[in-house]
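Report on the following structure.
Protein chains in written order, with this note's numbering: chain A, 380 to 560; chain B, 647 to 961.
Here it is, written out as structure tokens:
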């Protein structure tokens with residue numbers, strides 16, 4: 380029996396070493412033009428020497444459940460793909476940039492050709508049963524693509540005994556990136 | 647201390663949002679202005695003798711100002727839409743606005759409203775210039791047929807004009823990721839600014855005996871605009887942290903000189919005072935007043951568009 384997918388991503392900030400392999404895997408897999416990126420690394424250092432903490436994490440589109448980019452897209456180009464991801468139909472995109480203004484996570488950019496672009500969770504790979512390029516490449520297995528509708532227990536196992544954070548949940552968009560602290 | 651480093655490079659969102667420039671600001675101004683012109687001209691058509699409220703009297707001749715406003719409304723909106731088109735990153739796909747209607751997207755509402763604006767405002771312009779078609783009898787016939795339906799056309803136009811005026815503000819205010827824009831007062835602020843700009847433009851062109859009418863109309867509209875601006879400022883200052891920070895950037899930050907001098911002082915207070923003196927006959931009518939208002943309206947769009955993008959994203 381097939382069940383509707385609801386993809387999300389779990390990112391282990393302790394495993395991440397900030398090597399940017401995910402960024403370059405994405406650039407290569409999705410032909411992201413120079414000077415743009417669909418995913419990126421964030422490094423946050425807090426405290427004062429010698430009491431310093433550093434958090435490293437890979438970041439990208441949150442594939443929100445109630446995505447403002449979809450709400451405000453005038454042409455229906457930004458849409459829910461039905462597998463829990465938010466996708467862009469390039470044929471419909473006018474480059475009006477409403478989605479860039481709408482995104483509280485600033486996850487989008489304008490491709491030099493003119494359409495809005497962002498992380499797609501490598502939908503073309505998902506369709507073939509493959510993992511996203513960043514997940515496959517990550518040398519420390521910090522990235523995990525999970526299916527929230529599945530009962531395989533992977534998501535629950537990852538979150539077990541770990542503190543989990545999400546970015547600006549109070550924006551009310553239902554983000555689907557989970558960071559393990 | 648917190649240090650934040652990222653290798654995110656996307657220029658449209660970093661170091662701050664930078665997606666809309668002068669094109670959009672000019673479009674928002676021209677959109678509001680032509681919406682206002684359509685509202686005022688259609689309302690004058692409805693209220694004149696022979697209009698929907700005075701059916702028992704024969705229809706008056708259309709005044710020069712009704713003609714000017716009816717003609718300028720679609721022309722200025724057309725110029726505005728040209729600026730909007732220039733802003734599109736994927737210009738070949740512009741027709742995609744019209745293969746879809748997304749009820750939750752103000753931009754979708756706007757693009758359909760723009761389409762509704764042209765035929766009805768053009769029909770109104772056709773009728774109010776009916777005395778100019780002596781050499782084109784077909785045209786004259788069409789104008790006569792349309793004149794019998796003018797009240798309906800003008801009724802639609804009042805609402806389409808108001809909707810365009812409100813939509814230019816709502817367009818920005820729905821982006822709650824941008825703290826300065828995400829204010830419900832912005833729709834009213836842009837609507838009243840557009841209406842008062844339209845009244846000011848007509849005041850500029852009006853013959854001496856009609857100046858008092860448009861000057862008084864503009865007085866009331868500026869007062870309403872000032873009220874909306876006050877609500878806009880209060881909404882930001884009493885809002886959450888990011889909204890307050892954004893509003894402070896506008897009130898005391900780098901955009902403050904423009905906001906206070908060009909918009910508040912030059913676009914609201916000084917013209918309101920001068921118009922009051924004009925209305926009670928203390929001073930003569932001066933083209934300075936409408937020019938100040940038009941500059942104020944245009945700078946309001948520039949200030950809101952640019953300041954709204956320079957504030958940090960909602961967090």
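Ideal Cβ positions, reconstructed from N, Cα and C, are used throughout, including at glycine.
Which whole-angstrom value describes the C-beta separation of residue 674/B and residue 814/B, a residue pair presumed to lie in contact below a C-beta threshold of 8 Å?
With 8 Å as the limit, residue 674/B and residue 814/B qualify as a contact, their Cβ atoms being about 5 Å apart.
Enumerate in chain order the residues of its own chain whose CB-to-CB distance from residue 516/A is below 7 Å, with the five nearest sequence positions on each side excluded.
400, 401 and 404
Around the C-beta of residue 548/A, are 16 or more other C-beta atoms found within 10 angstroms, so that it is buried, or is it exposed?
exposed
Considering just the uninterrupted stretch of the beta strand (DSSP E) at residue 436/A, what are its terminal residues?
Where residue 436/A is concerned, the enclosing beta strand (DSSP E) stretches over 430-438.
If you count every other CB in all the chains shown that lies within 10 Å of the CB of residue 380/A, and 16 or more means buried, which is it?
Because residue 380/A sits at a pLDDT of 49, beneath the cut-off of 50, its placement in the model cannot be relied upon, and the following sentence gives the value as read from the coordinates. It counts as exposed.
Apply the 10 Å Cβ neighbour rule to residue 798/B and answer buried if 16 or more other Cβ atoms are within range, or exposed otherwise.
exposed
What residues from chain B crowd round residue 419/A, counting only those whose CB sits closer than 8 Å?
652, 653, 654 and 655
Along the chain, where does the beta strand (DSSP E) containing residue 426/A start, and where does it finish?
Taken as a continuous stretch (DSSP letters only), the beta strand (DSSP E) holding residue 426/A covers 419-427.
Just checking: is the beta-carbon of residue 740/B within a distance shorter than 8 Å of some beta-carbon in chain A?
yes
Chain A contact residues for residue 753/B, given Cβ-Cβ distances below 7 Å:
451, 453, 475 and 477
Relative to chain A, which residues along the segment 852-872 of chain B have a C-beta separation below 9 Å, given in chain order?
none
First and last residue of the alpha helix (DSSP H) that includes residue 526/A?
Note, residue 526/A: premise wrong, no alpha helix (DSSP H); beta strand (DSSP E) at 522-526.
Is any non-hydrogen atom of the ligand ADP found closer than 7 Å to the C-beta of residue 693/B, if you look at the structure I gave you?
The ligand ADP is not among the ligands present in this structure, which contains no ligands whatsoever.
Comparing the C-beta of residue 812/B with each C-beta of chain A, is any distance below 8 Å?
No, residue 812/B does not count as interfacial toward chain A.
Considering only residues of the same chain and omitting the five flanking positions on each side of residue 719/B, which have a CB-CB separation below 7 Å?
680, 683, 684, 687 and 767
Can you give me the C-alpha to C-alpha distance between residue 878/B and residue 919/B, rounded to a whole angstrom?
Computed Cα separation, rounded: 22 Å.
Can you grab the Cα-Cα spacing for the pair residue 418/A / residue 497/A, in whole Å?
8 Å
Would you kindly work out how many angstroms separate the C-alpha atoms of residue 533/A and residue 557/A, rounded to a whole number?
13 Å
Identify each residue in the segment 398-419 of chain A for which the Cβ-Cβ distance to at least one residue of chain B is less than 7 Å, and report them in chain order.
399, 402, 414, 415, 416 and 419
Applying the 10 Å Cβ sphere with the 16-neighbour rule, what's the burial state of residue 727/B?
Residue 727/B is buried by the Cβ-count criterion.
For my contact list, residue 469/A and residue 479/A are in at a C-beta cut-off of 8 Å; report their separation, rounded to the angstrom.
About 15 Å separates the beta carbons of residue 469/A and residue 479/A, which is beyond the 8 Å limit, so they are not a contact pair.
Between residue 380/A and chain B, is any beta-carbon pair separated by less than 8 Å?
Here residue 380/A scores only 49 on pLDDT, less than 50, and its place in the model should not be relied on; the value that follows carries that caveat. Not closer than 8 Å to any Cβ of chain B, the Cβ of residue 380/A fails to qualify, so no.
Find the residues of chain B that neighbour residue 425/A, judging by a C-beta separation of less than 9 Å, and give them in chain order.
647, 648 and 649
Helix or strand or just coil, what does DSSP make of residue 888/B?
helix
Could you tell me the alpha carbon to alpha carbon distance between residue 461/A and residue 450/A, rounded to whole angstroms?
Each residue's CA atom was taken as its position, placing residue 461/A and residue 450/A some 15 Å apart.
Top-ranked residue by Cα proximity to residue 837/B, from 677/B, 653/B and 854/B:
677/B
Any beta carbon from chain B within less than 8 Å of residue 482/A's own beta carbon?
yes
Helix, strand or coil for residue 492/A, going by three-state DSSP, please let me know.
Looking at residue 492/A - three-state DSSP - the assignment turns out to be coil, as it is neither helix nor strand.
Opposing strand residues paired with residue 466/A [DSSP bridges]:
458/A
If contacts are defined as beta-carbon pairs under 8 Å, then residue 870/B and residue 933/B qualify, I think. What distance do you get, rounded to the angstrom?
About 23 Å separates the two Cβ atoms, so there is no contact after all.
First and last residue of the uninterrupted beta strand (DSSP E) at residue 387/A:
386-391
Would you call the CB atoms of residue 946/B and residue 913/B closer than 8 Å?
Contact flag set, yes.
Residue interval of the beta strand (DSSP E) (run including residue 559/A)
556-559
Rank 436/A, 414/A and 385/A by C-alpha distance to the C-alpha of residue 560/A and give the top, closest one.
436/A
For residue 409/A, tell me which candidate among 513/A, 527/A and 536/A has the shortest Cα-Cα distance.
513/A
Entirely within the segment 809-866 of chain B and at least 3 residues each: give me those beta strand (DSSP E) ranges in chain order.
none
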